[in-house]
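A quick write-up on the structure given underneath.
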Amino acid sequence: MKINQIKNVVLPLLLLFCLIGCSEDKEPQTYPPTLVTNSAAELTRFEALLSGSVVPHANSVVKAEVFFLFAKGNTLVDAEEFTATPDNTTEGRYVCTIDGLTPGNEYCYSICARSGGSIAKGEVIKFETLSSTAPVPAATIATNINENGALLSSDITDNGGQNVTQRGFAYKVYQEGMPEPTTSDKTRSVSLEAETFSVQISDLQAKTKYIVRAFAINKAGTGYGEAVTFTTEELKIPQLTCSMGTVTAFAATPSATVSTNGGFKLTEYGFCWSTESQVPTIENLKTVTGNSETANFSEVIEDLNPETTYYLRAYATNEKGTGYSNILTFKTEQKQVATLTKPEASKIEVTSATLSSTITVPSGVEVTEKGICYSIFSTKPATDGQHTVDSSQGNAISVNLKDLNEGATYYATAYATTRDGTFYSEATQFTLGRTYEPTVAISEVTGVGETEATVNATIKTDGGRDITEKGICWSSTSSTPTLENDAFMKAEGTGNNFSLKLTSLTKGQKYYVRAYAKNVNGTGYSPAFEFTTALTKAPEVVNMAMTAVHDDHSTAQAVISDKGGLEITEKGFVYSTTVVSPTIGAAGVLKIVSQSTDDTFTAELTGLTYQKRYYICAYATNAKGTSYSSATNFFTSTSSTPNTNASVKEGSIGSTTATMEGKIASDGGDGSEELEISEVGFCWSENTSEPTIDKDSHVKATLDKESKTFTVDLTGLKAYTYYYVRAYAKNKNGVGYSYYTTFRTERTTPGGDDNVPPGTTTKSVK
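In terms of the UniProt record's numbering, the sequence shown has 428 at position 428, counting the first letter as 1, and numbering is strictly consecutive.
If you want it as structure tokens, here you go:
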């Protein structure tokens, strides 16, 4: 048990004996007790038990106040005072437990007693706390051992009195007579935030014996656990061979044979290559040929660079890893290139045009195909799109393109194919003659709901031809929906203005919509119009936090990050001392509704229990339901009754009056807020040193909130009488009293006896 340090040293008891005339009054006698300071016991790195013996003096009538003086170092300079507690098992023995000490430091202490106006001290005893050491990890346990890895586990049996700053495992290949591994060898650290002291290592060699031991580091040094050894399993990856077939300027055709799959099904196989690494792996360039069982496989590897040296291996993978074949080195051939002139367009009609070009190739290079590529959309059309082959002999190209789109603008390139690929000319552009298609526009999209919307469109021009069809096309994926690829709806009736209601749409989905109109020349589309259907959902609540935590009340705050598209009908907080993730209506869960009008809302939780852990979630409700934030927790603080000081104003004592002064030393709060002092005053008694407002005379006073002081004139007192007085103050936790002070009122007439205090002999004045 930690003993609270005495913050306010009480002034010695002041006995004011005012003797008017000649009298002999014997005061109570005080004698210091005999003190013996015992050696410190139960020493740890952070705690010590202080003890001492007290033998009261036989003639002393005042009980001594026992305490310990305690200091860091070997002297009591700057010592702190700690309350001594009687040891019920040994008469006269007092003890005090000190914690929060520093490992390996020297301290000293002495038992002391305060009686009357003096303090007696015992012998000064010195002691030293236990020193910190390096941590002590447990022996390592190796499990899940395979060809290249193992799961290592341990624990820390003693942190050595200091926080562990790093932990992990040190390991290496085992050799007879070698030193055990240290952090200078291979290591794997384990995060201090991890729940378990374990790690999976996977950089080991197959069929190899390793030695490993756990380590942990603190300020005192590095500690190691008992070393253990284990042996990895035999390698079970596939084995295969590789050979090379045809090699051209841009391609190579390797083949491979799997001699063994290692006893496990192949999950992938292919080839990997590199121009830099002479030992290529799948981390370099690769091509995946297959993923099922096979004995032989081959692949045409394209897009290589001409006249370049490559290094290539076949590979195969099973669940145990990847195996590689022998390494092949090959060099690609010189590239067979064809050069073409930019095509020239002639005889341009409404739906046709003639394109011409010339091919130039080095001697010995054969052109296997030639022709013209063309496109409306691509500025560099190629043979993977529309193209026409010229079957004539020679290096001249002339192609008549037919069935083209009226009035369209085309891009065209000439092409020629040799052994090493297809080569293209620079693109040319030409435009066909035409009338034109209709032009349309969307004026607006109205009535957007969760599953429907109405599109309003207008035919601006008919292109000089009759409109044969009109309507709307839409898509949730393409920003330019068309009749060919996306959903559409035809509009009925005549006239240039039309509206269509789209239904069965998806909630919360963004859509692209275009109006269209057709005539004999084609289809005209409007620019795309975007809209998003509505989507409602339960709200989202985030950033749950406690902005203030006190003893019996606290303030919570959270943020509604998404209202879900609906009005918030209620928001607030649910909390419990037993339910970790509280919800509305659950047993043991309380709810507080926030009156905040903003998305960032707060509420004050009242009636809480002191020093209690609470679990809390924020919530928000709309028509779709109630959502909760992530749960958090907080711990209420505690407060106590006030602490006051009391004294008699100097020169204020009369025969029936006295002026008392008090001051609030502490309002009893936990430091996070001030507690309200509801009442202050003084209580007094002739018979007891601990008067209370319930049993004895008392009077209220007015508190000066700025100086935290209060004063009262006591009246109606008895003349020449001893009084015990204590200041008191009230807060929500009850009444707190000061240490008592005493005074004696003056005589009413010189030489008179007035009231004689108990135990005092008074003689009359002669």
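A virtual CB, placed ideally from N, CA and C, is assigned to each residue, including glycine.
DSSP three-state assignment for residue 768, whether helix, strand or coil: Residue 768 cannot be examined here, being either before or after the span of the chain that is shown, 1 to 766.
Distance between beta carbons of K612 and T636, contact taken as under 8 Å: 5 Å
Within the UniProt domain "Fibronectin type-III" (438–539), ranges of the beta strand (DSSP E) (whole runs, at least 3 residues): 439–446, 453–461, 469–475, 487–490, 497–502, 510–519, 522–525, 529–532
Q166 - containing beta strand (DSSP E), residue span: 166–173
Own chain residues within Cβ distance below 6 Å of P757, not counting five before or after: Confidence is the limiting factor: at P757 the pLDDT is only 49, short of 50, which leaves the residue's position unreliable and the question unanswerable from this model.
Inter-residue Cα distance where the pair is N731 and T83: 26 Å
For N622, the residue or residues it bridges with in DSSP: Per DSSP, G625.
Straight-line gap, L151 to V212 (C-alpha atoms, nearest Å): Taking the straight line joining both Cα atoms gives about 11 Å.
Exposed unless 16 or more other CB atoms sit within 10 angstroms - verdict on Q377: Reading the sequence as shown, one finds Phe at residue 377 and not Gln. Exposed, by the Cβ-count rule.
Contained beta strand (DSSP E) runs [length at least 3] in the stretch 394–442, N- to C-terminal order: 396–401, 409–418, 421–424, 428–431
Touch test, the stretch 151–161 against the stretch 60–78, Cβ-Cβ under 8 Å, three pairs minimum: no
C-alpha distance - E226 paired with E268, whole-angstrom precision: 42 Å
Counterpart residues of G669 in DSSP-defined beta bridges: According to DSSP, G669 bridges with nothing at all.
Whether A41 touches I98 by CB criterion (8 Å): no
P103 - DSSP class collapsed to helix/strand/coil: Annotated three-state conformation of P103 is coil, per DSSP.
S153 beta carbon near the ligand NAP (any heavy atom closer than 7 Å): Ligands in the displayed structure: none, and consequently the ligand NAP is not present.
Given K286 as reference, the closest of T275, E293, A631 once Cα atoms are compared: Among T275, E293, A631, the Cα nearest to that of K286 belongs to T275.
When D403, T422, P362, E406 are compared against D384, the one with the closest alpha-carbon: T422
Cβ separation of F264 and A314, assumed to be a contact under 8 Å, to the nearest whole Å: About 18 Å; that fails the 8 Å criterion.
Assumed close pair T129, N105 - CB separation to whole angstroms, cut-off 8 Å: 6 Å
Cα-Cα separation, A396 to V350: Looking at the two C-alpha atoms, the distance is approximately 25 Å.
Where the beta strand (DSSP E) through A729 begins and ends: 722–731
N- and C-terminal bounds of the beta strand (DSSP E) containing D158: First-last of the beta strand (DSSP E) with D158: 156–158.
Check whether S697 and W684 have beta carbons under 8 Å apart: Yes, Cβ-Cβ distance for S697 and W684 is below 8 Å.
Close-in-space but distant-in-sequence residues of the same chain around I467 (CB under 8 Å, 5 per side omitted): P438, I459, A517, K518, N519
Length of the line joining the Cα atoms of V735 and V164: 46 Å
Cβ separation of C112 and F169, assumed to be a contact under 8 Å, to the nearest whole Å: Going by Cβ atoms, the distance from C112 to F169 rounds to 53 Å, so no, they are not a contact pair.
Inside the UniProt domain "Fibronectin type-III" (136–235) only - beta strand (DSSP E) runs reaching at least 3 residues: 141–143, 150–154, 156–158, 166–173, 186–189, 197–201, 209–218, 221–224, 228–231
Cβ contact check for the stretch 302–312 and the stretch 325–335: 3 or more pairs under 8 Å: yes
Per-residue burial, V258 [other beta carbons within 10 Å of its own, 16 or more giving buried]: V258 counts as buried, since at least 16 other C-beta atoms from the protein chains shown sit within 10 angstroms of its C-beta.
Spatial neighbours of S115 in its chain, beta-carbon cut-off 8 Å, leaving aside the 5 residues before and after: By the criterion of a C-beta distance shorter than 8 Å, S115 is surrounded in its chain by T30, Y31, P32, P33, S60, V62, K63, A64, E65, once the five residues flanking it on both sides are discounted.
Nearest residue (CA-CA) to E293, options K172, E299, N261, G464: Nearest C-alpha to E293 among K172, E299, N261, G464: N261.
Buried or exposed by the 16-neighbour rule on C-beta atoms within 10 Å, applied to P381: P381 should be labelled buried.
Nearest-angstrom beta carbon gap, A534 and R514 [assumed within contact, 8 Å]: In fact, because the Cβ distance is near 22 Å, the residues do not count as touching under 8 Å.
Which listed residue (S53, Y610, V542, G585) has its alpha carbon closest to that of V549: Y610
Neighbourhood of S131 by C-beta, 7 Å cutoff - its chain only, sequence neighbours within 5 removed: Same-chain partners within the cutoff: P103, G104.
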